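Chains as they are written, first to last, in the numbering used here: chain A, 1 to 415; chain B, 416 to 830.
Here is the structure we will look at.
Protein chains: 2
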Amino acid sequence: MTGKGEPPRTAARRPAAVRPLPIAVDTMGGDHAPGEVIAGAVEAVREHGVRVVLVGRAPLIRRELDRHGTVGQIPIVHADEALDMGEGALASRRKPRSSVAIACHLIKQGRASALVSAGSTAGVVATSRLRLKGQQGVMRPAIAVTLPTRPRPTILLDAGATVDVKPEGLVQFAALGTAYAQILTDLERPRVGLLTIGSEPGKGDKVTKRAHELLAGGSHGIEFAGNVEGHDLLSGAVEVIVTDGFTGNVALKTMEGAIRTAFSEIRTAMTSSPPARMGALLQRRRLQELRDRLDPDSYGGGVLLGLNGTVVIAHGASHARAITSACELAHRLAAGRIVERIREQVAATRTSRFGRWTHGERDGADKTPDKPSDRTPDKPAAPPAADTPREGEPPWPLNGDTSPERSEPRPPRTE
Amino acid sequence: MTGKGEPPRTAARRPAAVRPLPIAVDTMGGDHAPGEVIAGAVEAVREHGVRVVLVGRAPLIRRELDRHGTVGQIPIVHADEALDMGEGALASRRKPRSSVAIACHLIKQGRASALVSAGSTAGVVATSRLRLKGQQGVMRPAIAVTLPTRPRPTILLDAGATVDVKPEGLVQFAALGTAYAQILTDLERPRVGLLTIGSEPGKGDKVTKRAHELLAGGSHGIEFAGNVEGHDLLSGAVEVIVTDGFTGNVALKTMEGAIRTAFSEIRTAMTSSPPARMGALLQRRRLQELRDRLDPDSYGGGVLLGLNGTVVIAHGASHARAITSACELAHRLAAGRIVERIREQVAATRTSRFGRWTHGERDGADKTPDKPSDRTPDKPAAPPAADTPREGEPPWPLNGDTSPERSEPRPPRTE
Numbered sequence: 001m002t003g004k005g006e007p008p009r010t011a012a013r014r015p016a017a018v019r020p021l022p023i024a025v026d027t028m029g030g031d032h033a034p035g036e037v038i039a040g041a042v043e044a045v046r047e048h049g050v051r052v053v054l055v056g057r058a059p060l061i062r063r064e065l066d067r068h069g070t071v072g073q074i075p076i077v078h079a080d081e082a083l084d085m086g087e088g089a090l091a092s093r094r095k096p097r098s099s100v101a102i103a104c105h106l107i108k109q110g111r112a113s114a115l116v117s118a119g120s121t122a123g124v125v126a127t128s129r130l131r132l133k134g135q136q137g138v139m140r141p142a143i144a145v146t147l148p149t150r151p152r153p154t155i156l157l158d159a160g161a162t163v164d165v166k167p168e169g170l171v172q173f174a175a176l177g178t179a180y181a182q183i184l185t186d187l188e189r190p191r192v193g194l195l196t197i198g199s200e201p202g203k204g205d206k207v208t209k210r211a212h213e214l215l216a217g218g219s220h221g222i223e224f225a226g227n228v229e230g231h232d233l234l235s236g237a238v239e240v241i242v243t244d245g246f247t248g249n250v251a252l253k254t255m256e257g258a259i260r261t262a263f264s265e266i267r268t269a270m271t272s273s274p275p276a277r278m279g280a281l282l283q284r285r286r287l288q289e290l291r292d293r294l295d296p297d298s299y300g301g302g303v304l305l306g307l308n309g310t311v312v313i314a315h316g317a318s319h320a321r322a323i324t325s326a327c328e329l330a331h332r333l334a335a336g337r338i339v340e341r342i343r344e345q346v347a348a349t350r351t352s353r354f355g356r357w358t359h360g361e362r363d364g365a366d367k368t369p370d371k372p373s374d375r376t377p378d379k380p381a382a383p384p385a386a387d388t389p390r391e392g393e394p395p396w397p398l399n400g401d402t403s404p405e406r407s408e409p410r411p412p413r414t415e
Numbered sequence: 416m417t418g419k420g421e422p423p424r425t426a427a428r429r430p431a432a433v434r435p436l437p438i439a440v441d442t443m444g445g446d447h448a449p450g451e452v453i454a455g456a457v458e459a460v461r462e463h464g465v466r467v468v469l470v471g472r473a474p475l476i477r478r479e480l481d482r483h484g485t486v487g488q489i490p491i492v493h494a495d496e497a498l499d500m501g502e503g504a505l506a507s508r509r510k511p512r513s514s515v516a517i518a519c520h521l522i523k524q525g526r527a528s529a530l531v532s533a534g535s536t537a538g539v540v541a542t543s544r545l546r547l548k549g550q551q552g553v554m555r556p557a558i559a560v561t562l563p564t565r566p567r568p569t570i571l572l573d574a575g576a577t578v579d580v581k582p583e584g585l586v587q588f589a590a591l592g593t594a595y596a597q598i599l600t601d602l603e604r605p606r607v608g609l610l611t612i613g614s615e616p617g618k619g620d621k622v623t624k625r626a627h628e629l630l631a632g633g634s635h636g637i638e639f640a641g642n643v644e645g646h647d648l649l650s651g652a653v654e655v656i657v658t659d660g661f662t663g664n665v666a667l668k669t670m671e672g673a674i675r676t677a678f679s680e681i682r683t684a685m686t687s688s689p690p691a692r693m694g695a696l697l698q699r700r701r702l703q704e705l706r707d708r709l710d711p712d713s714y715g716g717g718v719l720l721g722l723n724g725t726v727v728i729a730h731g732a733s734h735a736r737a738i739t740s741a742c743e744l745a746h747r748l749a750a751g752r753i754v755e756r757i758r759e760q761v762a763a764t765r766t767s768r769f770g771r772w773t774h775g776e777r778d779g780a781d782k783t784p785d786k787p788s789d790r791t792p793d794k795p796a797a798p799p800a801a802d803t804p805r806e807g808e809p810p811w812p813l814n815g816d817t818s819p820e821r822s823e824p825r826p827p828r829t830e
C-alpha cells in the first residue's frame, strides 16, 4: 500500500511537489450539500491529513468553514452553479461553470489530483467525461464500487457508466479493475471474476460468453479466475468482479436493498417482544458496528475509472463520514498513480488480447466486422485519434481535446 | 384465490375428473433425493391434501414410502434414469426415459397436472421444453420466482431460462408474470415493473429502453407501473418484475447471497460477547421465523412458464419442506389454470402490441428487420408453425409436435 505521505508521481506537466496535490471537493453536490460535504472534507484534512480544495459558492463555503473554525486553512475555488440532482448528461454541456466542471479544470491544470462529488451520478460522469476526456487507449469508462467483503474488499465494475458493452469492453474493465485493486488491496495480481449465471465457461449471454473466451485466452497482467455469480458479490471469492453497467447497477442496488431489508426485518424481529427487546439492548453495540460496515453510506460510492483524472462519486445521500471516506479514497488512488497504472494495464491488455480480435490491425477504422452486429462503434479506438460519438451519447470527443472553446470553463479564481 | 378442492378446468383431452389431477413429483432430482423429496411429497399429501404421483425408481420409492407408512396410498410411476445435477440441455435428448421426461409424458397424457423437480435447472428446463413444447404464441419460456415481500409476494421473471431476449420477449414475460400473479395474489391487474437502472423511461440498455416504450405504449391486460430498480426486488413496489434471464439470474443470486451474508454476520455479531449471546437466546424464536421467511430454501424455486404444462423447479438443495411448498404451488397453479390464463394474456398482448412491431404482419417470416442486429430469430412466432432453432440451443421445435418418435419416452408403467 502506498503511504499517505508519499508525493504522487503524476503526469509530467504537474510541478514536482513535495506535498501531494489536493483533492478537489465539489461542495455543491449531494442531498446534504454544502454542510455535510464541507464537514466531511474538514474531517479528512484534520484527522487524516488529506489536502483538499473546496469548490463551490465561496460565501457559503466560508460560512461553513467558520463554523468549523478552519477559515483560511482550506483553499476555496469559487463556482457559480451546481449540477441539479436530477440532471443528467446534458447538464454537463449546459453548465460549463458548474462546480464539477471547475473541479475537473483544476485537475487538468495540475492544481488538483482528483475530484470528489456527491452530485448526481449521471451528471458527474457526463461532466467529467467531457472535461477530463477518456484516457488514451480506454474505450469506455467504468464506475468501480467497493463491496464490504473481508478480509479484502471486492471491487465491482461497471456499476452504471456504460450500459451496452462489447466483450472487448468487458476485457478492458478487467484491466481497469486490476489497476484499482492493486492499489486498494496491495496484491500484485488481484483475481478477476466475470459476473454471469453459472460457473462453467459456456454460461451467460452472448457478450459474456465471448468475454470469457477473450479473458481465458491469455492474460497479460490480468489474473482471470473464471466466472462468478451473484452470490459472489459478498463471498470474497475474487478481488475484482467485471460486468456491464446495466447488470452491475442492478446487482449493486439489489445487494444494497437486500441488506437494508434484512437489517430492517431483523430490527423488527428483535423488538417484537419484551424479552427480544431486552436482548437487543445487550447487542446494540456489535450490531451497530456491523450495520456501519454493511451500510452503503459508509462503504458506498464509486470511482469513475478510465479518464485523465481520478473521480470519486459519493452517494447522493452522503453524510460527513461518507465524504471523509471518499476524500481518503481519492487521496489513496492519486498517491497510487491510478491513471498511470491503468495506462500500463490497458496497454498490456491490448498487446496480448486486442490482437486477437482486431487480427493484428493497428487502426480499428478499417476493421472488417465479423457480424453485422459488430458494426456499432464500440471498437478498440487507436490512440490518439478522437473517438467517434456513440449512439445515444452527446457528440463530444472521448479522447483528444477538440471540445469547442465556449464550453471550456473560464479559469477559476482561487482565494 | 381458487380453492384447493376445485377440479382443474384443463385441456379438453383430459378426462373430466371430480378430483384434480395429481402432481408428478420427480423423486430423482436434487441433492437430497429421493429421501427428502419423497418425505416432502408425503407431507403435501397428508397435511395439504395435494394429490401426487411419484416418478422414479420404483423399489427405492417403495422403500421410502414404507418408512412413512404410506405404501399403496401414493401412486408410483417407474423411471430408470435421473438427470445428473451437472447435466444441461443435452441430457434431455440423451435420456428420453429420465424421471423428468416420464413426468412430462404424464402431463401430456393428461394423467398429471404439473411437474415438481429439484433436479438441475438447465436439465429440467431443457427436458420440459423438449417434452411439453412451448405454448401457442409464447416466443420463449421464462422462470418465475417468488420473492419474500409483504403483504404480497413479488414475482421476478425471467430468472434464467432465456438469456438473450428481445424487447418483445420482455413484453411477453410481462404477460406470463401477470397470469402467474393473478393466481398467486388474487389481484385482477397486478402491477408490472421493468427492471432497469433508473426510474425515468430513458434509463437502461437498448433492449430495456425499447421494452419500456412497448409496455408504456398500450396495455391490454398488463398494468405497467414503469421502471423499477434493484432495490425494488424486496420493496414490494410491484407484484411482477420483468427482466431478461441474465440480469434476473444475477439479481436473484445477488439478493440471496446478500441476505445469507447479512444473517451470517448478524449471527456472528450476536454471539460475539457474553451479553450479546444472552440477548440472542431471548430472540431465538423470532429470528428463526424471520430466517425461515427470507431463506431461499423456503420461498425458493421457480416456475417455468410458457410451456404446455406447469413445471415447478425446486432448489437443488431442497429439503422436505421446500418440496412440500413446491407441490402446493404446483397444485395451486394447476387449479388456477395457469396455462389457459397465459394463453389469454399473451393473445391480448399480441392483439394490442405485437401489431406495433410487426407492422400488422400475421407471419413473422417475411418481417423486414429494422437493423441487422434484429435478424436473430427471437421473432414473434406465428402459431402453430414450429419455431426455428435458436443459436446455442438444441434444434428441437418449441411449438408444434414434430419431435422424432425415437426420442419420445415409451409409455410409463404405473403401479
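Just so it is clear, CB atoms sit at the ideal spot from N, CA and C, and this is done for glycine as well.
Every value quoted in this text rests on a predicted model; they were computed, and no experiment measured them.
Across the structure, A:E213 and B:P435 are spaced so that their CA atoms are roughly 50 Å apart.
Apart from the 5 residues on each side of it in sequence, A:D31 sits with its Cβ closer than 8 Å to the Cβ of M85, A118, G316, A317, S318 in its chain, given in chain order. Bounds of any beta strand (DSSP E) do not take in A:G169; it lies within the alpha helix (DSSP H) bounded by 167-185. Under the three-state reduction of DSSP output, B:L562 falls in the strand class.
When DSSP states are grouped into helix, strand and coil, B:G608 belongs to the strand group. Residue environment analysis places A:H105 among the buried positions, since at least 16 neighbouring C-beta atoms fall within 10 angstroms of its C-beta. The beta-carbon of B:V486 is placed no less than 8 Å from the nearest beta-carbon of chain A.
At a Cβ-Cβ threshold of 8 Å, A:L156 and A:G217 do not count as neighbours.
Put simply, the CB of A:G230 is near chain B, with a gap under 8 Å to one of its CB atoms.
Within the segment 527-555 of chain B, complete beta strand (DSSP E) segments of at least 3 residues are found at 529-532, given in chain order. The closest CA to that of A:K203, considering only B:I489, B:A590, B:F661, B:E704, is found on B:F661. Partner residues in the beta bridge of B:V440, as assigned by DSSP, are B:L469, B:V531. In the same chain as A:E229, and ignoring 5 residues on each side of it, the C-beta atoms closer than 8 Å to its own belong to L195, T196, I197, G198, S199, in chain order.
Below 8 Å, too few C-beta pairs join the segment 150-170 of chain A and the segment 319-338 of chain A to call them touching: fewer than three. With fewer than 16 other Cβ atoms inside 10 Å of its own Cβ, B:G484 counts as exposed. Look at B:G641 here: in three-state DSSP terms it is strand. Looking from the CA of B:S740, the closest CA among B:T561, B:F588, B:Y595, B:R604 belongs to B:T561.
Per the C-alpha coordinates, the member of B:D707, B:D441, B:G538 positioned closest to B:A473 is B:D441.
When CB distances to chain B are screened at a threshold of 7 Å, the residues of the segment 155-186 of chain A falling below it are G160, V163, D164, in chain order. Taking a beta-carbon distance threshold of 8 Å, B:D620 counts as an interface residue toward chain A. Of all alpha-carbon atoms in A:S98, A:L130, A:A126, A:S235, the one lying nearest the alpha-carbon of B:E680 is that of A:S235.
With three or more CB-CB distances shorter than 8 Å, the segment 522-536 of chain B counts as touching the segment 714-724 of chain B. For A:G336, the secondary structure class from DSSP, reduced to helix, strand or coil, is coil. Sixteen is the threshold: when 16 or more other Cβ atoms of the shown chains lie within 10 Å of the Cβ of B:D579, as they do, the residue is buried. Distance from the Cα of A:T149 is smallest, within the candidate group A:V55, A:A142, A:G72, A:L184, for A:L184.
Counting only residues of its own chain and dropping the five nearest sequence neighbours on each side, A:P34 has a CB closer than 7 Å to the CB of T27, M28, G56, L60, I61, E64. The beta carbon of A:N249 falls within 8 Å of a beta carbon belonging to chain B, placing the residue at that interface. Identification of residues in the segment 668-679 of chain B having a C-beta nearer than 7 Å to some C-beta of chain A yields K668, T669, M670, E671, G672, A673, I674, T676, A677, F678, given in sequence order. For B:M554, not one C-beta of chain A is nearer than 8 Å to its own C-beta. Assigned with DSSP and collapsed to three states, B:L498 falls in coil, not helix or strand.
For A:G302, the enclosing beta strand (DSSP E) covers residues 302-305. For B:R699 and A:C327, the gap between their C-alpha atoms comes out near 41 Å. Contact between B:M685 and B:A673 fails: their C-beta atoms lie close to 18 Å from each other, not under 8 Å.
Classified as buried, B:E671 has 16 or more neighbouring CB atoms from the shown chains inside 10 Å of its CB. For A:K95, same chain residues with a beta-carbon under 6 Å away, outside a window of 5 residues either side, are E81 in chain order.
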